[in-house]
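Those protein sequences? They're chains C, B and E, same order as listed.
Position 33 of the first sequence, counted from 1, bears residue number 58 in our numbering, the numbering being contiguous throughout.
Position 284 of the second sequence, counted from 1, bears residue number 288 in our numbering, the numbering being contiguous throughout.
Position 152 of the third sequence, counted from 1, bears residue number 164 in our numbering, the numbering being contiguous throughout.
Quick reminder that beta carbons are idealized off the backbone N, C-alpha and C, glycines included.
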Amino acid sequence: MADITLLHLAVRRLVGMAAVMLIVVSIVFIIVRIAPGDPAAVMLGPEATGADVAALRTAWGLDRPLAVQYLAYLGQLARGDLGRSIFLDRPVLTALQERAEPTLLLSLIAIAIALAIALPTGIAAALQPGSAFDQTVMALCMGAASLPTFWLGLVLIELFAVRWGLLPASGYDAPGASILYRLEHLILPATTLGLASAALVTRYTRAGMLDVLREDYVRTARAKGLGERRVVLRHALTTAALPILTVVGLTIAALVSGAVVTETVFGLPGVGSLVISAVLRRDYPLIQGALLVVAMLYVLINFAIDMLCLVLDPRLRT
Amino acid sequence: MGITRRGLGGVALATILEASTARAAVGVLNVATIGEPPTLDPMLSTADLVGTITQHMHETLYTFGTNWAPTPLLAAALPDISADGTVYTIPLRRDVKFNDGTPMGVDDVLASLQRWMGNATRGRQTGRSIAGIAAAGDSAIRITLTEPYAPLVSLLAFNNSAAIITPAGRQGGPVGTGPYQLREHKPDQYLQLVRNPYYTPLAGPSQFYGGARRPLLDEIRFIPVPDPDTRVAGALTGQFDYIDNLSPEAFPRLDASRTARPVVLKPYGWPVLAMNTKQGPLADIALRRAIQTALSPEDMMIAAFGSAQFGEPAGPMYPPGFPWHSDKGVVRYGEANPEKAAAQAKAAGYAGAKIRLLATRQYEFHYKIAQVAVEYLKLAGFNIELQIADWATLTQRRTDPALWEIYVTSSPFLPEPALNGYMLEDSPGWWATERKRAAVRAFNREGDAGRRAALFADIQTLIYDEAPIFKVGNFNSLAARSTRLQGFNPAPWPFFWNATLAA
Amino acid sequence: MRRRHLVWIGLVLLIAVTLAVACAPWLTPYSPSRLSIANRLQPPSGRWWFGTDDFGRDVFTRVLYGGRVSLLVGASVVAMATGLGVGLGLLAGYIRRLDAPIARLLDAMMAFPDILLAIALLAALGASAGNVVAALTIVYAPRLARVVRVATMIIRELPYVEAARAIGATTPRILLKHVLRNLVSPILVQGSFIFAHAMLAEAGLSFLGIGISPEVATWGTMISAGKGYLDRAPWLMLFPGMAIILAVLSLQLIGDGLRDVLDPRLGKEV
C-alpha cells in the first residue's frame with residue numbers, strides 16, 4: 026500500500042511541477058516582451074538594415090497576435106530550440122553547454138566546502154545551545170552572511186594571488202589543459218562562494234538539530250542511557266538529514282546567484298559570467314535561454330530532493 | 005571523472021605540478037587582451053583589438069616599416085605612380101600562399117580590394133577617389149584615381165578597417181596569408197593561433213611591421229581579460245606573457261615585479277570624446293562648442309593617467325616630434341569653464357535634451373575620462389547620461405547615430421593623418437561639412453610633405469572651430485611582458501612574430 | 013531575554029546609520045560629486061576621515077551620500093515588495109479558489125535565482141535606480157507572499173476569525189481588521205531580511221555594472237570603483253564595504269531577534 030501512496034504522491038507532485046514549469050516559461054516569455062523597442066531590431070543589432078529587421082519579424086511571427094507567438098515559443102522549446110545567440114553566433118543551448126562545466130564544478134565544490142564547514146559546526150553548536158561556542162558560531166554566521174560575496178572575493182584575490190602568489194587570480198581553461206589545471210583555478214572562487222553558503226547551512230543545521238534533539242524518541246534514547254555520540258549519529262543526524270537536504274536544495278538557487286558574481290570577479294568562463302556579458306552585449310536570446318535553463322534546473326533539483334525526502338521519510342506521505 | 009578517482013586530497017600537489025608544466029610549455033605565448041574581439045574580419049572593424057589579433061592571420065599589400073614608412077608586404081615593391089599622381093601600378097609577390105595551400109593570385113587581390121571599397125569604413129572613403137582597379141598582367145594590379153590621393157599607400161598598409169587579401173571565392177573567412185592561422189576560438193576563453201604551414205617570410209631583416217615575419221612561436225593564445233584589475237593581477241602573477249592595456253597606476257607594481265616588465269610606448273596616443281554631428285542635440289555646433297568650453301582636459305588626464313608621466317593635456321592633434329605638430333587654431337581647449345558653457349548652451353537654446361555618453365570599462369582610462377566629463381557637463385547644465393557598454397558592443401552601437409551623442413575612445417598617433425577617423429565622413433561622428441570636405445580634399449591631393457603639414461594645420465583649426473571631437477590630451481601606453489618574452493618589438497598594435505619565449 | 017537585546021542592538025545600529033546618512037549635509041562640508049583631482053588618493057586623515065578617491069572626492073562624504081541611495085533602494089524594495097507580497101499572500105491564503113494558481117505562480121517566481129532574475133529584468137527594462145527597485149521588488153515579493161499565505165491560512169482557522177465570519181463580517185473587513193493585524197510580526201521579520209538582501213543585491217548589481225549608473229555613489233558602485241586600488245588605497249573598498257556590512261548586519265540582527273521574540277511559527281525564514 027505504501028508504494029501506491031508514494032506513486033500517487035509522485036504523480037501529483039509531477040503535475041504540480043509541470044504547472045510551475047509552464048509558468049516559468051511564461052514569465053521568461055513576458056520578460057523579453059517588456060524590453061522596450063522592437064525585439065527583432067534589438068536582436069539584429071544596429072548594423073541591420075530595415076529589410077533584415079522586417080524579415081526577422083516575419084520569421085519570428087512578431088506580426089502575429091501575442092497568443093500565437095506564445096504557442097510558437099512553446100513549440101520551439103518543445104523541440105529543444107532555445108534560439109540563437111547574436112554575439113556568439115551559435116545556438117543558445119550550445120553556448121550554455123560550453124559554459125556549464127566551470128559553473129557546475131564551482132557549485133559542487135562550493136557546496137562541498139559549505140557542508141564540510143557547516144555540518145560539524147552546526148551540530149556541535151546545537152549540542153551545547155547557548156554556550157560560548159554556540160554564540161561565537163552564530164555571530165560568525167551572521168557576520169559572514171552580511172559580507173558581499175564580491176568584496177570577499179576581491180580580498181582573497183589580493184591576498185592569495187597577488188600578495189602571496191599561491192593561486193591564480195583569474196582564468197580557467199587553456200588549450201589542452203587538464204582538469205587539474207582547471208581545478209586549480211576554482212580553488213579561490215569556490216572558497217569564496219562556499220564560505221558565503223556555509224553561514225546559511227550552519228544556521229539551518231543547528232536549527233534542524235535543535236528541533237530533533239527536543240523530540241521524544243531522542244530524549245528516550247538518551248534516557249535509556251545510550252552514549253551521546255550514538256544518539257547524535259544514529260537518531261538525531263538521520264532525522265535532521267531531511268531538513269538539511271531541503272536546505273541544500275534551497276542553497277542551490279543562492280549558489281547560482283553567487284556564481285554570477287563570483288565568476289565575474291574571478292574571470293571564470295561559466296554560465297554566470299556568460300549572462301553578464303550577454304547583458305553588456307544586449308544579447309537577449311542568450312539571457313532568455315540562460316534564465317530558462319537555470320530556473321528549470323532549479324525546479325527539477327527541488328523535485329528530486331522532494332521525492333528523496335518522501336522516500337526516506339514515510340511520515341511525510343500523509 | 006578524475007577527481008573522484010584521485011580523491012580531493014591529492015589534488016593540491018598534483019595541481020601545482022600540473023600548472024607549472026602547463027605554464028612552462030615553450031613556444032606557447034599567452035596574451036591577455038582587453039576582451040573579446042567584435043569580429044575576426046579586420047575589414048569590418050576599426051577596433052585596435054581586431055587589428056592586433058588579425059594581423060597575425062591576414063596581411064595587406066603594404067605595411068609600416070621603420071619610422072612608419074610604408075613598405076611592401078604582399079606587394080613586391082612600392083607602387084609605380086604616374087606623373088600626375090592618378091595611376092598606381094602595384095606589382096604582387098609570386099611566392100605567397102594562403103594557409104590552405106592555394107597560391108595568391110591577381111583575382112584574389114582584385115576581389116579583396118573590391119570588398120574593401122564596398123564594406124570597410126576606410127575603403128568606402130578611399131573608393132570615392134578611385135575610378136577603377138584592374139589587373140595589369142598576371143602579377144600586378146593597377147589602381148586608377150579620379151584625382152591625386154596621397155594617403156593611398158598608407159591606407160592599404162593599415163591593419164584595421166584593413167585592405168586584407170583573402171581568396172576570391174571565400175572573402176571574409178579565416179583563410180589568409182599571415183604567419184599564423186586560427187586553430188580554435190572559444191569566445192570569452194581564448195583564441196588559439198598556430199603556424200601557417202604555407203607561410204614564406206620576406207627576405208631581409210625585420211623592420212617594425214615590415215621585413216621578415218618569422219613565426220617562431222608554436223602558438224599564440226589571445227585570452228580576453230575584460231577586467232583591468234584582473235589584467236594587472238595576471239601580469240604580476242606571471243599568468244600571461246604579454247598583457248595589453250594596463251592602467252598606468254600599475255606601473256610601480258610592474259616595475260618592482262620579478263616576473264613581469266613594464267612596456268611603455270611614448271608617446272602613444274590620444275583619448276578623445278567623439279560627438280555625434282549628424283543627429284540629436286549635438287548636431288548643433290554651438291552646443292559642441294559649449295562642451296569644449298566646459299571640459300577640463302587637465303582633470304581628465306590626471307584622473308585617467310595618475311601623473312604627467314603617463315598622460316598630460318595637450319591641444320594639438322600631434323605631439324612635438326611629428327611633422328604634423330602645430331599649435332595653430334587650438335581654441336576653447338582647457339578653459340574648463342562650466343558656467344560660461346552653461347551660458348553658451350542656453351544662448352544656443354539648449355533646453356535639457358538628453359546627452360548620452362557611451363564608454364567602456366575595459367579601457368580603464370576611457371571610463372575615468374567619461375566620469376570626469378560627466379561631472380563637468382553636469383555643472384554646465386547638460387542633462388547627461390553615462391552609458392557603460394562592453395567595448396565590442398560599443399563599437400557596434402557607435403555606428404548608429406540614433407543611439408548616442410558622445411562616446412569615449414582613443415587612438416594611437418597615426419603616422420598618416422588621413423588614417424584618423426575624423427578625416428572620414430563615414431566614421432562614427434559623421435563630421436561632414438563643406439569646409440571640412442574642402443580642407444581634407446586639399447590635404448589628400450597634396451603630395452609635398454611640407455605643404456601637407458601646413459594643410460593639416462588648417463584641418464586642426466577646423467577641428468577646434470567646428471568641434472566634431474574633443475581631443476583630451478597625449479598619453480603613453482602601459483603594457484607588460486613576462487621576463488621570458490624575447491625578441492619582442494614594442495608597437496601600438498603588438499605583434500608576436502619574430503618573438504620567442506625563454507625556457 | 014537575550015534575543016530582545018539583539019533586536020535593540022540592531023535597531024540602534026540601523027537608526028545610527030540612517031541618521032548619519034540622512035544628516036549627510038550637516039556632517040560633512042564636502043560634496044559627494046565635486047571633483048578635486050589635485051587631492052586624489054589621499055589616505056585617511058583629520059581632513060578626510062576616510063581618505064579621498066581617485067577623483068579626489070571625500071570617501072566619508074560619498075559613503076554617507078552613497079548610503080542614501082543604498083538605503084533608499086533597500087527601503088523602497090521592502091515597501092513595494094510588502095505591498096505586492098501581502099496582497100498576493102492574503103488572497104492566496106484566504107480565498108481558497110485563488111490559492112492554487114497564486115501558489116504555483118509563487119513557486120515559479122522562486123525558481124529564478126534572485127540576482128539572475130534581477131539581471132534579466134534589468135536587461136529588459138534598462139539600468140536605472142528605479143528599475144533596480146522594480147526588479148528587486150519582483151524578485152522579493154514572492155518570498156514575502158509565501159510567508160503571508162501560510163500565516164493567513166493559520167489565522168483563517170483561528171476561532172475569533174471564524175466567529176467574525178459567522179456574524180457576517182465581509183471578507184475585506186476580516187482581512188484588514190483581523191488577519192492583517194496578526195500578520196504584522198511575520199511581515200516585520202521578513203521585511204528586515206528582504207531589506208538586507210535587497211541591499212546586498214543592489215551592491216552586487218552595481219558591482220557587475222548593470223545596476224545603478226556607476227557615476228552615482230552607492231556602496232556597491234564605490235566598492236566596484238575602488239577594487240583597482242586595493243594595494244595602494246585600500247580605504248576606497250574598505251569603508252563602503254564596512255558600511256554595507258554594518259547596515260546588513262543590523263537588519264539581520266533585527267530580523268533574527270524579532271523572529272525569536274515573536275511567534276516562531278509565523279516567521280520561518282524564506
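As assigned by DSSP and simplified to three states, the class of residue i
i               : result
N448 of chain B : helix
L186 of chain B : strand
Q196 of chain B : strand
Y202 of chain B : coil
G433 of chain B : coil
A18 of chain B  : Low per-residue confidence applies at A18 of chain B: pLDDT is 39, beneath 50, and the placement is therefore not dependable enough to give any value.
A246 of chain C : helix
A29 of chain B  : Any reading at A29 of chain B must be qualified, since the residue scores a pLDDT of 47, below 50, and its modelled position is unreliable; no value is offered.
W274 of chain B : strand
L53 of chain E  : coil
S311 of chain B : coil
N478 of chain B : strand
L128 of chain E : helix
L76 of chain E  : helix
E66 of chain B  : Correcting the residue type first, residue 66 of chain B is Tyr in the shown sequence and not Glu. Y66 of chain B: strand per DSSP, three-state reduction.
I224 of chain E : coil
L32 of chain C  : helix
Whole-Å CB distance - residue i paired with residue j, under 8 angstroms assumed
i               : j               : result
I330 of chain C : L280 of chain C : About 14 angstroms; that fails the 8 angstroms criterion.
T40 of chain E  : D66 of chain E  : The Cβ separation is near 19 angstroms, so there is no contact.
L250 of chain B : A483 of chain B : 6 angstroms
L118 of chain C : G105 of chain C : 7 angstroms
V236 of chain B : A254 of chain B : 4 angstroms
L179 of chain C : M211 of chain E : About 18 angstroms separates the two Cβ atoms, so there is no contact after all.
F291 of chain C : L213 of chain C : 6 angstroms
V19 of chain E  : L265 of chain E : 7 angstroms
R293 of chain B : Q375 of chain B : Actually they do not touch by this definition, with Cβ atoms about 23 angstroms apart.
Residue i: contacting residues in chain B (beta-carbon distance under 8 angstroms)
i               : result
D198 of chain C : K190, Q193 and Y194
D243 of chain E : R257
K239 of chain E : D233
E186 of chain C : Note on identity: in this sequence residue 186 of chain C is Ala, with Glu being the wrong assignment. Those within 8 angstroms of A186 of chain C in chain B are A237 and T241.
is_contact[residue i, chain D] using C-beta, thresh 8 angstroms
i               : result
D259 of chain B : Given the protein chain composition of this structure (C, B and E), no chain D is represented.
Within chain E, the residues that residue i reaches when beta carbons sit closer than 8 angstroms
i               : result
A135 of chain C : Going along chain E, no residue has its Cβ under 8 angstroms from A135 of chain C, so there is no contact; the nearest lies around 14 angstroms.
V476 of chain B : Near V476 of chain B there are no residues of chain E at all, since even the closest Cβ is about 13 angstroms away, more than 8 angstroms.
Chain B residues whose Cβ lies nearer than 7 angstroms to that of residue i
i               : result
P193 of chain C : T241 and Q243
E227 of chain E : Q375, V378 and L390
Within chain C, partners of residue i - CB distance below 9 angstroms
i               : result
F251 of chain E : Simply none; closest approach about 12 angstroms.
Proximal chain E residues relative to residue i, where beta-carbon distance stays under 7 angstroms
i               : result
P303 of chain B : The sequence shown places Asp at residue 303 of chain B, rather than the Pro named in the question. The answer, in chain order, is L47 and I49.
Per-residue contacts from residue i into chain B (C-beta, under 9 angstroms)
i              : result
R58 of chain C : Within chain B, no residue comes near R58 of chain C; the closest Cβ sits about 22 angstroms away, beyond 9 angstroms.
Q: Flag this pair as touching only if the stretch 244-264 of chain E and the stretch 208-227 of chain E have three or more C-beta atom pairs under 8 angstroms; answer yes or no.
A: yes
Q.
Measuring CB atoms only, is the stretch 98-110 of chain E touching the stretch 159-178 of chain E, in the sense that at least three cross pairs come out at less than 8 angstroms?
A. yes
Q: Quick one: which residues of the stretch 238-254 of chain B get their C-beta closer than 8 angstroms to a C-beta of chain E? List them in chain order.
A: S251 and E253
(Q) Short of 7 angstroms Cβ to Cβ, which residues in the stretch 214-234 of chain B face chain E? (A) P232 and D233
Q: Determine which residues of the stretch 378-407 of chain B have a Cβ less than 7 angstroms from any Cβ of chain C, and write them out in chain order.
A: A393, D394, A396, T397, Q400, R401, T403, D404 and L407
**Q.** Interfacial residues, the stretch 154-172 of chain C to chain E, with Cβ spacing under 8 angstroms
**A.** M167, G168, A170, S171 and L172
Q. With a cut-off of 8 angstroms, do at least 3 Cβ pairs link the stretch 113-129 of chain B to the stretch 55-63 of chain B?
A. no
Q: Note down, in chain order, all residues in the stretch 125-151 of chain E with a beta-carbon under 8 angstroms from any beta-carbon belonging to chain C.
A: P125, D126, I127, L128, L129, I131, A132, L133, L134, A135, A136, L137 and G138
Q) Are the stretch 49-63 of chain E and the stretch 165-177 of chain E touching by the rule of at least three beta carbon pairs closer than 8 angstroms? A) no
(Q) Output needed in chain order: residues of the stretch 345-374 of chain B with a Cβ under 9 angstroms from some Cβ in chain E. (A) R365, E368, Y371, K372 and A374
Q: Select from the stretch 54-80 of chain E all residues with a C-beta closer than 9 angstroms to any C-beta belonging to chain C, and list them in chain order.
A: none
(Q) Tell me which residues of the stretch 303-319 of chain B have at least one Cβ-Cβ distance to chain E shorter than 7 angstroms, keeping chain order. (A) D303, I306 and A307
Q: Compile a chain-ordered list of the residues in the stretch 321-335 of chain C whose CB is closer than 7 angstroms to at least one CB of chain E.
A: Y323 and V324
Q. Would you call the stretch 213-225 of chain B and the stretch 191-201 of chain B touching, i.e. three or more CB-CB distances under 8 angstroms?
A. yes
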